[in-house]
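Colleague: Protein chains in written order, with our numbering: chain A, -8 to 110; chain B, 23 to 435. Positions of the beta carbon are idealized from the N, C-alpha and C atoms, including for glycine. Mind looking over this structure? Questions follow.
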Amino acid sequence: MKYMLLIYSDEKGWTDAERERCYAESTQLTQELHERGQFVAASPLHPVATATSVRVRHGNPMVTDGPFAETHEQLGGYFIVEARDLNEAIAIATRVPAARKGTVEVRPVMQIPGLPQTS
Amino acid sequence: MADSSPQSVRQTVESLYTSQSRRVLATLIRVLGDFDLAEEALSDAFAAALAQWPREGVPANPRAWLVSAGRFKAIDALRRRARFDASLTSLAERLDTESAPREAVAVEDDQLRLIFTCCHPSLSPEAQIAMTLREVCGLTTEQIAAAFLTSPPTIAQRIVRAKAKIREANIPYEVPEREHLGERLASVLRVTYLVFNEGYSASSGDHVTRADLSGEAIRLQRLLVDLLPESEAVGLLALMLLQESRREARSTPDGDLILLEDQDRSRWRRDLIDEGAALVERALATRRVGPYTLQAAIAAVHAQATTPDKTDWAQIVGLYDLLGQVEPSPIVALNRAVAVAMRDGPAAGLTLIDELLADGKLAEYHLAHAARADLCRRLGRTDQARASYQRALDLTQQEPERRFLARRLRELG
Chain A
-8 MKYMLLIYSD EKGWTDAERE RCYAESTQLT QELHERGQFV AASPLHPVAT
42 ATSVRVRHGN PMVTDGPFAE THEQLGGYFI VEARDLNEAI AIATRVPAAR
92 KGTVEVRPVM QIPGLPQTS
Chain B
23 MADSSPQSVR QTVESLYTSQ SRRVLATLIR VLGDFDLAEE ALSDAFAAAL
73 AQWPREGVPA NPRAWLVSAG RFKAIDALRR RARFDASLTS LAERLDTESA
123 PREAVAVEDD QLRLIFTCCH PSLSPEAQIA MTLREVCGLT TEQIAAAFLT
173 SPPTIAQRIV RAKAKIREAN IPYEVPEREH LGERLASVLR VTYLVFNEGY
223 SASSGDHVTR ADLSGEAIRL QRLLVDLLPE SEAVGLLALM LLQESRREAR
273 STPDGDLILL EDQDRSRWRR DLIDEGAALV ERALATRRVG PYTLQAAIAA
323 VHAQATTPDK TDWAQIVGLY DLLGQVEPSP IVALNRAVAV AMRDGPAAGL
373 TLIDELLADG KLAEYHLAHA ARADLCRRLG RTDQARASYQ RALDLTQQEP
423 ERRFLARRLR ELG
């Protein structure tokens, strides 16, 4: 079963050195997961300042900047992993380097029919 | 069992329901992989027993019979529903072709699996409590709602949501591996202690119901100790028994609080004290001493003093020192200060409490001001005592505590 690990943290709270180390350690973790057949996808995201919000209302697209709410923690990256059950997904989440600074939200990925098979 | 008259079989089934239904349910959840399916199967299995046993006699191993009957009933039910929902066909097939569950597959562990699943930290604390009382203890949603002063639909909804999360997030039905056992057990113990305290702090609601809740927590904790005799599980059982031993002595018939030093110690339950003290020894002997064990050890020292002035305050201060190391908290520091006051005199305790209050963390905690007031009173500093009792009174909403503090204020004159 697939789980998405959503990484939230205060994006202004990272030094460049911390960020580089986090990328290196996260990359290492993805390699380990890949060797065990548990890796689906992972990436850091550019800061929320680069975000665009898109809504369609009454058929009209509305494109605005940024996220809506002022929050302390922003979505900064994600993993999608293959895990036997929630406990295994939690065990992977505890190894995500950003968990030491921010919060990793573990969400089961819903399986719906009709999606293209990519892996 | 020779007597198989319908009357006697009915009694046998009823007593089996009381003693075994939660164990049968725990195994059925593992075998069927679904809470709701298992609950249906459980009632079907007991109905089958009532129908068949008067004819066929009570089987040699009733529990295994009930599990097996429940499993077949669930497969039948799935087959019937599969006519409308094809996805159930494969589940019914899989359950049918899997070899019948062997009793040897650590059936005792099923109850532990159930406990750890109901107390999984990814469920909210309220959901953990509701699930544990419903699934492990077998309380009805009405009973749980009455005990927690809420409505049955609220509890029912909590349980429905928790089961949905268990299914959708795929929370496994398993006892955690050794590596995670400590933190996961802590989560279970938090639930049983919360249930106990809900019944013990009879500050509101119906007294009888709430005492039952403490009894339920003690039964659950005994089961946990039987299944998993970890030192903190033993320590928490000891703590519950030692607190329970004082239930009758700690308030007046009107519900007013009676302080430990003023309680009629002849009303303390010796049987619970002896059992609790023995459990403290057992937990201490493991040499992995945690906060529940240390709190139980402190309660045991109090319980073993026949009069208040025979209390071994030096030992209590020592235990609070350990507790402060294992689990530092301002409340532990406050209790330690009170114990120091008893050992070394009120002035020594007052110095410590004033330091704690100056630190700010306890500034809004009524018992810190009440303790300060008490020490000032003993030192003859009436004005300071009055001010601190008044501050404590302003900070608490609990009626019995308010009456107690108001009485103390009056006694100052």
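Comparing alpha-carbon positions, which option in B:A73, B:A369, B:I338, B:R365 lies nearest V354 of chain B?
Modeller: B:I338
Colleague: Name the chain B residues whose beta carbon is nearer than 8 Å to that of L(-3) of chain A?
Modeller: Going along chain B, no residue has its Cβ under 8 Å from L(-3) of chain A, so there is no contact; the nearest lies around 14 Å.
Colleague: What are the boundary residues of the beta strand (DSSP E) that includes V47 of chain A?
Modeller: 43 to 48
Colleague: Does the beta carbon of L24 of chain A come closer than 9 Å to any beta carbon on chain B?
Modeller: no
Colleague: By the DSSP assignment, the alpha helix (DSSP H) with E190 of chain B in it spans what residues?
Modeller: 174 to 190
Colleague: Is V80 of chain B helix, strand or coil by DSSP?
Modeller: coil
Colleague: Taking the alpha-carbon of T328 of chain B as reference, which of B:A104, B:Q285, B:A318, B:R304 has the nearest alpha-carbon?
Modeller: Cα-wise, what sits closest to T328 of chain B is B:Q285.
Colleague: Can you find a C-beta in chain A that's less than 9 Å from the C-beta of E190 of chain B?
Modeller: yes
Colleague: Examine chain A for any beta-carbon lying closer than 9 Å to the beta-carbon of E436 of chain B, and answer yes or no.
Modeller: For chain B, the structure presents residues 23 to 435; residue 436 of chain B sits outside this window and is missing.
Colleague: Classify L88 of chain B as buried or exposed, calling it buried when 16 or more other Cβ atoms lie within 10 Å of its own Cβ.
Modeller: Under this definition L88 of chain B is a buried residue.
Colleague: Just the chain A side, please: which residues come within less than 9 Å of P194 of chain B by C-beta, in chain order?
Modeller: Near P194 of chain B (Cβ distances below 9 Å), the residues of chain A are R75, D76, L77, N78, E79.
Colleague: Report back the beta-carbon spacing between T407 of chain B and R399 of chain B to the nearest angstrom; my notes put them in contact at under 8 Å.
Modeller: What sits at residue 407 of chain B in the sequence shown is Ala, not Thr. At roughly 4 Å, the Cβ-Cβ gap stays under 8 Å, so A407 of chain B and R399 of chain B are in contact.
Colleague: What does the alpha-carbon distance come out to for the pair K(-7) of chain A and R75 of chain A?
Modeller: Straight-line measurement puts the Cα of R75 of chain A at about 8 Å from the Cα of K(-7) of chain A.
Colleague: Below 8 Å on the Cβ atoms is my guess for V97 of chain A versus L(-4) of chain A; work out the distance and round it to an integer in Å.
Modeller: 6 Å
Colleague: Between B:A104, B:A91, B:S27, which lies nearest to L50 of chain B when the distance is taken from Cα to Cα?
Modeller: B:A91
Colleague: Quick check: is the beta carbon of D147 of chain B nearer than 9 Å to any beta carbon in chain A?
Modeller: Per the sequence presented here, residue 147 of chain B reads as Pro, with Asp not at that position. No, P147 of chain B does not count as interfacial toward chain A.
Colleague: Give every residue of the same chain whose Cβ lies closer than 7 Å to the Cβ of R85 of chain B, excluding the five residues on either side of it in the sequence, and list them in chain order.
Modeller: So the qualifying residues of the chain are Q42, R45, V46.
Colleague: Would you give the residue range spanned by the alpha helix (DSSP H) that S109 of chain B belongs to?
Modeller: Here the alpha helix (DSSP H) through S109 of chain B covers 109 to 119.
Colleague: Ordered along the chain, which non-local residues of its own chain (more than five positions away) have a Cβ less than 8 Å from that of V47 of chain A?
Modeller: M53
Colleague: Report back the beta-carbon spacing between L117 of chain B and I137 of chain B to the nearest angstrom; my notes put them in contact at under 8 Å.
Modeller: Between L117 of chain B and I137 of chain B a beta carbon distance of about 24 Å is seen, past the 8 Å cut, so the two are scored as non-contacting.
Colleague: Hey, how far is the Cα of Q133 of chain B from the Cα of R10 of chain A?
Modeller: 45 Å
Colleague: Are the CB atoms of V158 of chain B and L258 of chain B within a distance shorter than 9 Å?
Modeller: Note that the C-beta distance between L258 of chain B and V158 of chain B is not below 9 Å.
Colleague: State yes or no: is the C-beta of A392 of chain B within less than 9 Å of the C-beta of R430 of chain B?
Modeller: yes
Colleague: For Y39 of chain B, collect the residues of the same chain with a Cβ closer than 8 Å to its Cβ; drop the 5 residues on either side in sequence, then sort them by chain order.
Modeller: Contacts found: F68.
Colleague: Which two residues bound the contiguous beta strand (DSSP E) that contains F170 of chain B?
Modeller: Element bounds for F170 of chain B: n/a, residue is neither H nor E.
Colleague: Please confirm whether V323 of chain B and L301 of chain B have their CB atoms less than 9 Å apart.
Modeller: no
Colleague: Taking Cβ positions, are R358 of chain B and H388 of chain B nearer each other than 9 Å?
Modeller: no
Colleague: Could you tell me the alpha carbon to alpha carbon distance between L434 of chain B and T404 of chain B, rounded to whole angstroms?
Modeller: 7 Å
Colleague: Return yes when the Cβ of V31 of chain B is within less than 9 Å of the Cβ of P76 of chain B, no when it is not.
Modeller: Cβ distance < 9 Å, so P76 of chain B and V31 of chain B count as in contact.
Colleague: Identify which residue in A:L106, A:I103, A:I83 has its Cα closest to the Cα of A33 of chain A.
Modeller: A:I83
Colleague: Whole-angstrom Cβ separation of V217 of chain B and L155 of chain B, contact assumed at under 8 Å?
Modeller: 7 Å
Colleague: What's the gap between the Cα of T41 of chain A and the Cα of I151 of chain B?
Modeller: 43 Å
Colleague: Classify P38 of chain A as helix, strand or coil using the three-state DSSP reduction.
Modeller: coil
Colleague: Under the three-state reduction of DSSP, which class applies to M101 of chain A: helix, strand or coil?
Modeller: coil
Colleague: Which same chain residues, not among the five before or five after P88 of chain A, have their C-beta less than 8 Å away from its C-beta?
Modeller: R12, C13, E16, S17, L20
Colleague: Go ahead and label T214 of chain B buried or exposed: buried means 16 or more other beta carbons lie within 10 angstroms of its beta carbon, across all protein chains shown.
Modeller: buried
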